[in-house]
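Written below as structure tokens is the structure these notes are about.
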Amino acid sequence: MSDVRILGVGMHPWGKWGRNFAEYGVVAARAALADAGLSPSDVQYLAAGNTMRNGYPGYVAGSTLAQALGWSGIPVSSSYAACASGAVALDAARARIRAGQADVALVIGADTAPKGFFGPLPGDRPEDPDWLRFHVLGATNPTYFALYARRRMECFGATPKDFAAVKVKNSRHGLSNPNARYRKLFTEDEIAESPIVADPLRLVDICATSDGAAALVLTSADYAAAHEANSRSVRVAAVSTVTPTYPNTSLDLPDIATDSGVGAPPPPRAFRDSIAHAAYEEASLAPSDLSCAEVYDLSTALELDWYENIGLCEPGGAEALLHSGATTLGGRVPVNPSGGLASFGEAIPAQALAQICELTWQLRGEAGERQVENARVGLAINQGLFGHGSCVILTS
Amino acid sequence: MKPRIPVVAGLFTEDGGQARLLGGHCPRCGAWFFPKQWSFCRNPHCTGVTLDDAELSSRGRLWSWADNRYAPPPPYPARDPFVPYGVAAVELADEQMVVLGQLATGTDPERLSLGQEMELVVEPLFEDDDGLHTVWKWKPGGGS
Ligand SMILES: [Zn+2]
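As you go down the protein sequences, you meet chains A and B in turn.
Here the numbering used here is used: position 303 in the first sequence is 370, and no number is missing along the way.
Here the numbering used here is used: position 126 in the second sequence is 198, and no number is missing along the way.
So, in structure tokens, the structure goes:
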């Protein structure tokens with residue numbers, strides 16, 4: 068299969084302004100094109116992640132952003148996979164390039180987020196699991212994060228202090244990131260004073276919702292080689308967009324019950340483990356090859372789960388790995404050198420692409436104060452509700 | 073006395089004073105589903121085309137729990153003033169599945185422990201002029 072490379076990346080900083088999502092998307096797209104040394108007329112395909120909270124234009128983000136950038140007649144696609152939307156859009160663009168239907172594709176995710184908890188779309192829909200969990204149980208996203216965190220505490224002896232240490236680390240990483248929304252160093256004492264949202268998690272353990280945008284210029288290997296003078300490209304070594312294998316007996320958003328384990332063999336690995344596994348297989352790489360990783364710290368405790376899901380340590384080993392300093396900048400495999408969602412907050416369709424922007428800067432050695440020394444292999448991972456896996460591995 | 077109205081129809085019953093979750097059961101492969109959601113079996117190894125209506129176990133073991141201190145957005149029918157509520161994930165042995173439910177009123181989350189036995193109950197979620205709107209919840213205990 069032919070190589071696909073990232074020739075340019077760009078972001079609109081994360082924040083909360085309430086402007087139209089296309090305004091952020093265009094800023095990120097133009098920055099990515101400038102980074103690649105290309106102009107909008109060079110783009111042959113545009114793939115975007117959808118946003119559910121910005122009316123009809125958000126559901127057809129591909130064409131909304133194409134119009135905002137100035138119609139050029141190119142085909143577009145719009146993907147929705149919740150937090151995994153960016154990776155699914157990237158996957159669509161990569162498939163086009165691999166099929167020889169395009170040499171240059173622009174991938175964009177942009178969002179304008181609501182205040183407070185994410186809630187389901189309005190209307191009375193008992194058959195919609197997302198509606199059901201809110202209406203019947205009051206099971207917000209932080210409720211699920213708290214269930215996972217409590218499970219970690221009970222099974223592995225994790226403590227709220229361990230969770231706080233994740234926040235301290237990520238807030239330190241994000242301090243110098245010009246695209247981060249929060250550039251403030253948290254101390255353990257401040258975290259202990261933060262109000263509890265869903266016990267055992269405090270407000271500062273849970274990521275905020277943000278506005279923001281990220282964009283990538285994806286090209287064929289030949290095209291990248293011909294344009295190397297403009298920009299140092301990185302290789303897309305794997306894109307995993309796996310879904311669960313039945314029976315999915317792990318509790319997942321937004322379901323109020325798991326599959327039943329009766330009547331079918333258990334899957335070879337749990338869903339979250341399978342997301343990274345598929346990417347490692349495609350890239351012919353192993354966890355020990357990673358220079359750094361961007362993982363989806365929707366909560367501090369979830370970052371610890373991801374260490375295990377991506378194979379940095381055995382189940383139950385994440386707290387020790389964290390405290391060893393291995394996942395801190397300067398350590399063996401820094402995790403969330405960008406500052407993670409702790410420093411950004413979540414802009415759903417943009418977030419998976421923001422992870423990839425960070426990895427690209429790291430692999431090019433352009434990450435400034437948060438540079439991972441000699442970064443050669445980076446992994447970005449997240450999971451979107453309704454069964455969307457997202458894992459991308461980049462190599463220099 | 074005010075009528076008791078299920079907050080969503082068809083997911084649970086308290087007929088005869090016994091709380092039960094109503095799901096689907098595949099007569100061919102034995103899989104369980106909650107909610108039943110669709111009329112067919114979702115096991116890809118199974119050719120079953122219909123699911124039986126079935127009651128799930130009303131006892132299980134505590135898999136995890138959370139205590140919510142902030143009012144969720146609609147469509148949660150939050151009471152005013154807001155009352156914190158717990159959510160439990162309970163593992164059903166026969167069905168080999170985990171089912172969420174709020175913690176029964178008066179449950180102290182500080183006193184819960186992993187793996188302890190939990191029992192299904194039906195309680196009001198909120199009250200208005202029409203009646204008591206009920207939902208299933210998980211309550212510690214239930215004998216051993
Ligand atoms: Zn079946």
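Every residue gets a Cβ at the ideal spot worked out from N, C-alpha and C, and that includes glycine.
Own chain residues within Cβ distance below 6 Å of residue i, not counting five before or after
i      : result
R269/A : S261, I263
R299/A : R431
G77/A  : A95, A98, A99, D102, A282
V194/B : E86, A91, T206, W208
C274/A : L365, L408, G412, E413
K74/B  : G203, L204
A346/A : A305, S307, C458, I460
T367/A : F230, V233, K234, D272
L155/A : The residue asked about is misnamed: residue 155/A is Val in this sequence, not Leu. So the qualifying residues of the chain are S146, A148, T308.
S287/A : I164, D170
W428/A : A434
According to DSSP, residues forming a beta bridge with residue i
i      : result
F411/A : Answer is none; F411/A lacks a bridge partner.
F84/B  : L93/B
Q168/B : None; Q168/B has no bridge partner.
P212/B : M190/B
W84/A  : BP columns for W84/A are empty, so no partner.
S145/A : A115/A
W465/A : Residue 465/A lies beyond the stretch modelled for chain A, which goes from 68 to 463, so this question has no answer here.
G173/B : A160/B
S136/B : A161/B
Status (buried if at least 16 other CB within 10 Å, exposed otherwise) for residue i
i      : result
C222/A : exposed
A353/A : exposed
W198/A : buried
L145/A : Checking the sequence, you will find Ser at residue 145/A rather than Leu. It is buried - the Cβ of S145/A has at least 16 other Cβ atoms within 10 Å.
V155/B : exposed
R151/B : exposed
I77/B  : exposed
W104/B : buried
L379/A : buried
P189/A : exposed
E182/B : exposed
E386/A : buried
N441/A : exposed
E199/B : exposed
Interface partners of residue i on chain B, CB under 9 Å
i      : result
T210/A : A138, N140, P144, V159, L172
F201/A : P144, P145, P146, P147, Y148
Cβ neighbours of residue i in the same chain (closer than 8 Å, five flanking residues each side left out)
i      : result
G384/A : Y374, E375
G85/A  : T179, D278
S341/A : V309, P311, T312, P334, P335, G456
L197/B : V79, P149, Q174, H205, T206, V207
S185/B : L134
P82/A  : The displayed chain sequence assigns Gly, not Pro, to residue 82/A. Hits under 8 Å: R248, S277, D278, G279.
F201/A : G186, P187, T207
S106/A : L100
M169/B : W104, F106, E163
L388/A : Y374, L379, C380, T394
A161/B : L134, W135, S136, W137, V170, V171, L172
Sub-8 Å separation of residue i and residue j beta-carbons
i      : j      : result
K234/A : V174/A : no
S405/A : H240/A : yes
L396/A : R437/A : yes
L285/A : A172/A : yes
L204/A : I323/A : yes
G120/B : C98/B  : yes
R443/A : S358/A : yes
G176/A : A417/A : yes
I415/A : C150/A : yes
G92/A  : L132/A : yes
D125/B : G96/B  : yes
I377/A : A343/A : yes
R161/A : R302/A : no
Closer than 9 Å at the beta carbon, the chain A residues around residue i
i      : result
M169/B : P314, T316, A324, T325, D326, S327, G328, V329
A207/B : It should be noted that the sequence gives Val, not Ala, for residue 207/B. Correct list: V203, L204.
Cross-chain neighbours of residue i in chain B, by beta carbon under 8 Å
i      : result
W198/A : P147
E227/A : Correcting the residue type first, residue 227/A is Pro in the shown sequence and not Glu. The premise fails here: P227/A is roughly 13 Å from chain B at the closest Cβ pair, so nothing lies under 8 Å.
E221/A : S136, S185, L186
Under 8 Å from the C-beta of residue i: neighbouring residues of chain A
i      : result
A103/B : P314, D326, S327, V329, G330, A331
V80/B  : P193, L199, H202, V203
7 Å Cβ shell around residue i - same chain, five flanking residues per side excluded
i      : result
P267/A : A213, A216, R217, M220, P227
P382/A : E375
I258/A : A231, K234, R269, V271
Proximal chain A residues relative to residue i, where beta-carbon distance stays under 7 Å
i      : result
P181/B : D266
F106/B : A324
P116/B : Y313
Within chain B, partners of residue i - CB distance below 7 Å
i      : result
A213/A : A138
A206/A : V159, L172
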